[in-house]
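Asker:
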């Protein structure tokens, strides 16, 4: 795999990695067929991913470290990666799914203008639709292992940040898989993350009932967080212009993309057939009456009230006892 380059890759200090998910934020859905059409014009980062990049920049500055922004996908992800490079981060693209380069959706590093021109006319700028659907249906273990291999070509990460989930039907499982592959601590679903002087992290997580849970997270760690109102800083114009045509290093997976779950077919769920006894009756009319229960005597609805909660509960318990649901 090719090492990432850029201002954020120079120097020493802890390595803070942010994993970005580039997707179409404004896909078009056919109201008749339900077919989703993704366009290069809507490619970007969700609010959670932008907040993850902002947290990575702030934590790396507090630790005097460096930032590496990693995104997996076709060359369409290079636009948001260049925006991250304009903010001072090193960038690295991981070709994913592994066969998208062979299908004509890849480009050599440095061919920025060619990639932009191809994205404008490519009907599938995010890669083949079949590969995209297979990636959604599968698990994220293979992707996590490939990302870890790519990250370790730059260095051993002290902290890996992710958004809580991606907008394109993301499950939020990738951060946990990354933590497993790295052998690092994990804290997921956070709303705030603050570095401390001793190298630990103070995290806050949302709980039910308006409560919050505070965590003290050791490093190395993998953390995912919501946007929680945090907005990404704006890059200076000279940095944006310099990063506009800069090459984005690409890494190809060196291991087969085999996850823990193998999807062999995708189809609608069909429950297994059950054998039930036929309705009683000698004629079709009798059997239809037995199925519908039209001639079965039913208790009429009972209106109780207005009354208090105690009397209503007593009436409900009496009904359950009368019909055999409860024992007296």
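In my numbering, the protein residues as written are 31 to 358.
Note that the Cβ used here is the ideal one computed from N, Cα and C, for glycine as well.
Fair warning: this is a prediction, and the values are worked out from it, not measured in the lab.
(1) Could you tell me which residues DSSP pairs with residue 124 in its beta bridges?
(2) Which value, in whole angstroms, describes the spacing of the CA atoms of residue 304 and residue 354?
(3) To the nearest angstrom, how far is the alpha carbon of residue 181 from that of residue 281?
(4) Please state if the CB of residue 245 and the CB of residue 258 are separated by a distance shorter than 8 Å.
(5) How about residue 123 and residue 101: are their beta carbons less than 8 Å apart?
(6) Quick one: Cα of residue 338 to Cα of residue 348, how far?
(7) Within the same chain, show all residues whose beta-carbon is closer than 8 Å to that of residue 242, passing over the 5 residues directly before and after it, in chain order.
(8) Taking the alpha carbon of residue 218 as the point to measure from, which residue in 208, 254, 202 and 212 has its own alpha carbon closest?
(9) Is residue 160 helix, strand or coil by DSSP?
(10) With a cut-off of 8 Å, do at least 3 Cβ pairs link the segment 195 to 204 to the segment 45 to 58?
(11) Below 8 Å between beta carbons: does that hold for residue 252 and residue 223?
(12) Go through its chain and collect everything with a Cβ distance to residue 178's Cβ below 7 Å, but skip five positions before and after it.
(13) I need the straight-line Cα distance from residue 86 to residue 342, nearest angstrom please.
(14) Which class does residue 264 belong to by DSSP, given the choice of helix, strand or coil?
(15) Work out the CA separation of residue 104 and residue 73 for me, nearest whole Å.
(16) Report the option in 204, 187, 190 and 346 whose CA atom is closest to the CA atom of residue 173.
(17) On the DSSP letters alone, give me the boundaries of the beta strand (DSSP E) that residue 48 sits inside.
(18) Evaluate residue 360 with the Cβ neighbour count: other Cβ atoms within 10 Å of its Cβ, from every protein chain shown; 16 or more gives buried, anything less gives exposed.
(19) Where DSSP assigns a beta bridge to residue 74, which residues make up the other side?
(20) On the CB-based measure, 16 or more other CB atoms within 10 Å of its CB, does residue 58 come out buried or exposed?
(21) Could you check where the beta strand (DSSP E) with residue 219 kicks off and where it finishes?
(22) For residue 161, count neighbouring Cβ atoms within 10 angstroms of its own Cβ and tell me buried if that reaches 16, exposed if not.
(23) Per DSSP, what kind of secondary structure is residue 66 in: helix, strand or coil?
(24) Straight-line CA distance for residue 228 to residue 215?
(25) Determine whether the beta carbon atoms of residue 81 and residue 260 lie at a separation below 8 Å.
(26) Measure the C-alpha to C-alpha separation of residue 315 and residue 329 and round it to an integer number of angstroms.
Answerer: Put simply:
(1) 102 and 281
(2) 26 Å
(3) 10 Å
(4) no
(5) yes
(6) 16 Å
(7) 221, 234, 235 and 236
(8) 254
(9) helix
(10) yes
(11) no
(12) 208, 211 and 212
(13) 56 Å
(14) coil
(15) 12 Å
(16) 204
(17) 45 to 50
(18) Nothing can be reported for residue 360: it is not among the residues displayed for the chain, which extend from 31 to 358.
(19) 53
(20) exposed
(21) 215 to 225
(22) buried
(23) strand
(24) 16 Å
(25) yes
(26) 24 Å
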